[in-house]
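What follows is one structure encoded as structure tokens, with my remarks underneath.
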Amino acid sequence: MRPASENGRPGLHLHKMCALPKRHRLLLRLALCVLSSQPLAAQTSESTRTTEYGPLQLSYDDLSKTVVKIHRMVQNANQGAECERAREDVEVSNGVSGVRITGDFSPAAFSGAPEVAYSVKYTYDGCSEAPVSSVTLWLWDVARELTVAGRSADQVQGLSGVITEDLTRFQCVLAGPGFRTVGLMALLLAGIIFLVIGLVGTIGFEPWLVGRRSGVAFMGFGLCIFVAIQTCPWDKWFAGTAIYSGSASFLERNAADITFLGAIATLLMPVLTGVLDAWRKKRRPGVGTPAPAGTKPTGRRKK
Numbered sequence: 251m252r253p254a255s256e257n258g259r260p261g262l263h264l265h266k267m268c269a270l271p272k273r274h275r276l277l278l279r280l281a282l283c284v285l286s287s288q289p290l291a292a293q294t295s296e297s298t299r300t301t302e303y304g305p306l307q308l309s310y311d312d313l314s315k316t317v318v319k320i321h322r323m324v325q326n327a328n329q330g331a332e333c334e335r336a337r338e339d340v341e342v343s344n345g346v347s348g349v350r351i352t353g354d355f356s357p358a359a360f361s362g363a364p365e366v367a368y369s370v371k372y373t374y375d376g377c378s379e380a381p382v383s384s385v386t387l388w389l390w391d392v393a394r395e396l397t398v399a400g401r402s403a404d405q406v407q408g409l410s411g412v413i414t415e416d417l418t419r420f421q422c423v424l425a426g427p428g429f430r431t432v433g434l435m436a437l438l439l440a441g442i443i444f445l446v447i448g449l450v451g452t453i454g455f456e457p458w459l460v461g462r463r464s465g466v467a468f469m470g471f472g473l474c475i476f477v478a479i480q481t482c483p484w485d486k487w488f489a490g491t492a493i494y495s496g497s498a499s500f501l502e503r504n505a506a507d508i509t510f511l512g513a514i515a516t517l518l519m520p521v522l523t524g525v526l527d528a529w530r531k532k533r534r535p536g537v538g539t540p541a542p543a544g545t546k547p548t549g550r551r552k553k
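For reference, each letter of the sequence shown is one residue, going 251 to 553 in this note's numbering.
Okay, structure coming up:
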């Protein structure tokens, strides 16, 4: 190893460094500043976590509990952080009307909200230096996501994990744009099949398939399906996000409609049975008609 200096004096290297040209000294100071600031920047970097969810169906009480839980967790995480300009609110809307709530997020605060809301946006915007600086919960038909940001990665991940566990309980498979697309395509295909069968039976092109009366019935079913596809509010019935003032259960919310449809099906059952019997007799003319006088039955005898 080479000695620190030729004459043994330790201050010689510092003297030589001070004797460097001015341009070199500026570059050296700039490099020292950059190297010394890297650990500080790593400690003060902001952590962000975004979580996406499937279609959600919940009540206002469930939404209130979720928002109150977010509020309490943010307050606990930011204890000791001075922040006087924090903003926190919830907006719910059904596409026509809506309300904006601040401060009180209890179930009573949502009394003026629409009976059914299809979009929710919760926003917390605090200080950028706080452990949890911002929280955004945005739920609507196409997308549903939670974004948490802050200086503390542990607090950000913990809050996001707890809220995700709560919202996952309200996910619904039979809802959302994807389900509506698949369902409407299936209905469209069924309508086309019914219409084709009805046309074939009506014009008598294939009398062995269906009769004329059955063909009219099939055509009616196909036309009803086409009308339902165009007129029914599928985006409301199977919305990607739905917040209800009462229970979020499908059976409880639509008990009256289900009872009405059951009554209609009971009334139409004899008609459908008659259509099916006529179709079977058309395909097998010997079934259900009395045998002519003087002829023996051709059925299989019991042993």
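For every residue, glycine included, the Cβ atom is placed at its ideal position computed from N, Cα and C.
Supposed contact pair residue j and residue i - C-beta distance, whole angstroms, cut 8 Å
i    : j    : result
F444 : F471 : 5 Å
S384 : D375 : 5 Å
F355 : V398 : That pair is no contact at about 17 Å.
V366 : L313 : With 8 Å as the limit, V366 and L313 do not qualify as a contact, their Cβ atoms being about 12 Å apart.
P305 : G441 : Rounded, the Cβ-Cβ distance is 25 Å, inconsistent with contact.
Sequence-distant residues of the same chain with beta carbon closer than 6 Å to residue i, five excluded per side
i    : result
D243 : For residue 243 there is no data in the structure shown, the boundaries of the chain being 251 and 553.
T316 : D416
E338 : Y374
R252 : Interpretation of R252 is limited by its pLDDT of 47, a score under 50 that renders its predicted location unreliable; the figure taken from the coordinates is listed afterwards. Same-chain partners within the cutoff: there are none.
T352 : D339
R335 : none
K486 : none
Alpha-carbon to alpha-carbon, residue j and residue i
i    : j    : result
S402 : N344 : 36 Å
G465 : V446 : 9 Å
V412 : L387 : 13 Å
P381 : E395 : 21 Å
G428 : Q405 : 34 Å
A363 : G448 : 48 Å
Q329 : S361 : 31 Å
E296 : A359 : 33 Å
L473 : A467 : 10 Å
T418 : T298 : 20 Å
Q325 : S347 : 31 Å
V342 : I320 : 17 Å
E379 : C333 : 9 Å
L439 : V477 : 14 Å
G400 : T516 : 60 Å
Q288 : A393 : At Q288, the pLDDT of 49 sits below 50, so the modelled position is not reliable and the matter cannot be decided from this model.
Residues that residue i bridges to, as DSSP identifies them
i    : result
Q329 : Q329 is not bridged to any residue.
S383 : Looking at the DSSP assignment, S383 forms no beta bridge with any residue, so it has no partner.
L396 : T301 and L387
I493 : L308 and A367
E415 : BP columns for E415 are empty, so no partner.
T431 : For T431, which the question treats as bridged, DSSP gives no partner whatsoever.
D339 : T352 and T373
Q407 : None, per the DSSP bridge assignment.
Q480 : In the DSSP output, where bridge partners are listed per residue, Q480 has none listed.
Residues near residue i in its chain [Cβ-Cβ closer than 7 Å; skip 5 each side]
i    : result
Q307 : F420, C422, A425, A492 and A498
Q203 : The requested residue 203 does not occur in the structure, where the chain is confined to residues 251 to 553.
V349 : V342, G362 and A363
Q407 : R299
Beta-carbon proximity check, residue i vs residue j, cutoff 8 Å
i    : j    : result
L389 : M323 : no
V340 : Y372 : yes
I475 : L437 : yes
C377 : A331 : yes
Same chain only: Cβ atoms within 8 Å of residue i, ignoring 5 sequence neighbours per side
i    : result
M469 : F444, L445, G448, L449 and T452
T414 : T301, Y303 and L396
W484 : R430, G433 and L434
Any C-beta of chain B under 8 Å from that of residue i
i    : result
A363 : Any reference to chain B falls outside this structure, which holds one protein chain only.
Near the ligand MN: residue i beta-carbon under 7 Å from a heavy atom
i    : result
E415 : As for the ligand MN, it is missing from this structure, which has no ligand bound.
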